[in-house]
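Trainee: Starting off with a structure, shown below.
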Amino acid sequence: MSEKQTILVVDDDVQLVDTVKTLLESVGYEVAYAYQTEKGMDLAEEIRPDLILLDVMFAGPPGPDGIEVSRRLHENPVLRDTPVIILSGVKKVIDFSFDYSPDPTWMPVKAFLEKPIKPDELLGEIKKALAGES
C-alpha cells in the first residue's frame, strides 16, 4: 500500500482550515496545518509536505504574506520543488482579483484560487499540482 500524500494548509481562518482538512482527509490525504506564516514555513521544513495550500492575507501577528512565503519556499533548497497553491480572500476584502499567470519570481505557485473555495476545483488543482501539471 502506498504512503498517503501530505498537504500542509497555512491559513489564519480556523474554520476554513477545518473545512479543508476534513475535505482532504475524506479523499485520503494526510493534513498538517498552521495558522501563521512563520509557523507554516517551519512546519514545511520539518514535515516536507507533498503540497502546500497557502493563504495570501494574514490578520496577524505581523509576518510575511502568502506571496512572500511562496517566494521563500521557492528559494529554499529543501522545499523549492514543493507545489504551492494560493488561496485568496483578496477579492472579498478589496474587490480586486489577481489575473494569475505562472511567474517563477513574482509568485512561484501552481494555482491561485479565490475564496470561497469550491471543493471540486480545489481537489482538481491539487491533483494537477501533485501530478506535475500547471
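Residue numbers for the sequence shown, in numbering that gives the first Met the number 0: 0 to 133. Just so you know, even glycine gets a beta-carbon here, dropped at the ideal spot from N, CA and C.
1. Going by Cα to Cα distance, which pick from 130, 48, 84, 7 is closest to residue 35?
2. In whole angstroms, what separates the C-alpha of residue 111 from that of residue 53?
3. Is residue 126 buried or exposed, if buried means 16 or more other CB atoms sit within 10 Å of its CB?
4. Which runs of the beta strand (DSSP E), 3 residues or longer, sit entirely within the stretch 24-67?
5. Tell me which residues share the same chain as residue 27 and place their Cβ nearer than 7 Å to its Cβ, disregarding the 5 neighbours each side in the sequence.
Mentor: A quick look at the data gives this:
1. Nearest in C-alpha terms to residue 35, of all of 130, 48, 84, 7, is 7.
2. Between the alpha carbons of residue 111 and residue 53 lies a gap of roughly 10 Å.
3. The residue is exposed, with fewer than 16 neighbouring Cβ atoms inside 10 Å.
4. As far as the stretch 24-67 is concerned, its whole beta strand (DSSP E) runs of at least 3 residues are 29-33, 50-54.
5. Spatial neighbours of residue 27 in its own chain (CB-CB distance under 7 Å, excluding positions within 5 residues in sequence) are listed in chain order as 3.
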